[in-house]
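Enquirer:
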Amino acid sequence: MPADRGRYSLGGDCRSMAMTDFQTRSPLPASRRTPLALILAAAILAPGLAGCVGAAVGAGATVGVAAMDERGVSGVARDSGLATRVRGKWLNYDLETGDTLAVDAGISVYNRRALLTGTVKNEDLRVTAVRLAWEVEGIDEVLNEIAVGETSASDTARDSWISTQLTSKLTFDKDVQAINYVIETDNAVIYLIGSARSQAELDRVLGHARSISRVRDVISHVKIKPPEPETKPDTPDKKADAATVGAART
């Protein structure tokens, strides 16, 4: 299963192409190593390259979108870098073992929380994906939603369709800050991560997700942003006290 078959981030996410964590070592014979490396690298880099088209056309617009995200430009860049480093570890593992973890599993990072999705061939790969994610410094939480099994091309098409439908619903809902949500769909299950401004907004998002046909389940890892403390105006008594203190200091 391609790693990002049902992944839609509504915020700006242009990954760095300088994947410094990628290592060139591999015990595989050269005749086997090169095709696998090309396939894996293409699968991992394709979403990043697609996202960087916006940067090539207009970097200002891309930064503007990221600035609208609750995390801010620096937070978006940080989370994107963490996800890239995890993918790099998965790719190195595949180059050493001949597996396809980097292709079959997907990752989204939001506020240092890593959501792992996808379908891998066996439980060992599932465990390995989680272990390697935890090895990346800066990851505070790993949410493991990786399944074990097989998928088909029709599954991939269905999941992409579901993610597209939900992306559209959230984007055109004026009561939802769509940019603060990341959508992952795998085996007709929608996984959400991000930040909701309120419980009411999150309920609207979940309602949209559940209204889409062919969806088997909706699992939310979205956190509700704490309300900002209210700033109360000074009362006459407080103003009088402040004036008294000021007079005493003169």
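Mapped onto the numbering used here, the consecutive letters of the sequence shown carry residue numbers 3 to 252.
Beta carbons: idealized from backbone N, C-alpha and C, even for Gly.
1) Please classify residue 133 as buried or exposed, where buried requires at least 16 neighbouring CB atoms within 10 angstroms.
2) Roughly how far, in whole angstroms, is the beta-carbon of residue 128 from the beta-carbon of residue 148, given that I think they are within contact range, below 8 Å?
3) Have a look at 118, 154 and 203 and flag the residue whose alpha-carbon is nearest the alpha-carbon of residue 92.
4) Do you know how far the Cα of residue 105 is from the Cα of residue 297?
5) Taking the alpha-carbon positions, what's the residue 114 to residue 215 distance?
6) What does a CB cutoff of less than 7 Å around residue 160 pick up in its chain, not counting 5 residues either side in sequence?
7) So who's on the other strand from residue 143, going by DSSP bridges?
8) If I measure Cβ to Cβ from residue 173 and keep anything under 6 Å in the same chain, skipping five residues before and after, which residues do I get?
9) What did DSSP end up calling residue 120 once you bin it into helix, strand or coil?
10) With respect to the alpha helix (DSSP H) encompassing residue 170, which residues constitute its N-terminal and C-terminal limits?
11) Measuring only the C-alpha atoms, how far is residue 99 from residue 80?
12) Cα separation between residue 197 and residue 170?
13) Could you tell me whether the Cβ atoms of residue 202 and residue 168 are closer together than 7 Å?
14) From what residue to what residue does the alpha helix (DSSP H) around residue 90 run?
15) Among 182, 158 and 97, which residue has its Cα nearest to the Cα of residue 223?
16) Could you spell out where the beta strand (DSSP E) holding residue 126 opens and where it closes?
Expert: According to the structure data:
1) exposed
2) 5 Å
3) 118
4) For residue 297 there is no data in the structure shown, the boundaries of the chain being 3 and 252.
5) 32 Å
6) 190 and 216
7) 115
8) 180
9) strand
10) 155-173
11) 29 Å
12) 18 Å
13) no
14) 74-99
15) 182
16) No beta strand (DSSP E) holds residue 126; the alpha helix (DSSP H) holding it covers 125-136.
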